[in-house]
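Chemist: Sharing a structure below in structure tokens format, with a few things to ask.
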Amino acid sequence: MHTPEDRSFLGHPRGLGYIVFTEAWERFSYYGMQSLLVLYMVNRLLHPGHIEYIAGFVPFRHVLETAYRGHLDIQPLASAIFGLYTGLVYLTPIAG
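Residue 13 is where the sequence shown starts when you use our numbering, and the numbers rise one by one after that.
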């Protein structure tokens, strides 16, 4: 049996506070990384002189441009890459 001393976080088990705190910081870091990733792609990575050194980027860009039906400039390309990344982040756990 649990004693009343075990429930010290608003009537919930003490471990719930650690879980909530950890999840909050995980979300904070994830959303912070999102904004930095898009800014890095737009301002540095996807410019001529840098983009040529990304292995496999030409076929990857072709797939994205085929999916979006046309040429993608730097900003739409960064958004498409980020959208694909975000979709995979949320869908891959479902597949196991």
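Cβ coordinates follow ideal geometry from the N, Cα and C atoms, glycine included. All values derive from a computational prediction rather than experimental measurement.
Quick check on the burial criterion: 16 or more other C-beta atoms within 10 angstroms. Buried or exposed for R53?
Modeler: The residue asked about is misnamed: residue 53 is Met in this sequence, not Arg. M53 comes out buried.
Chemist: Looking only at its own chain, which residues have a Cβ that is under 7 Å from the Cβ of A90, when we skip the five neighbours before and after it?
Modeler: Excluding sequence neighbours, A90 sits near V50, M53, V54, L58.
Chemist: Compare the Cα-Cα distances from A92 to each of Y80, L48, G61 and report the closest residue.
Modeler: Answer by Cα proximity: Y80.
Chemist: Quick one: give me the first and last residue of the alpha helix (DSSP H) that A90 is part of.
Modeler: Here the alpha helix (DSSP H) through A90 covers 86-107.
Chemist: When you compare only the Cα positions, how much space is there between L100 and I106?
Modeler: Whole-angstrom Cα-Cα distance: 10 Å.
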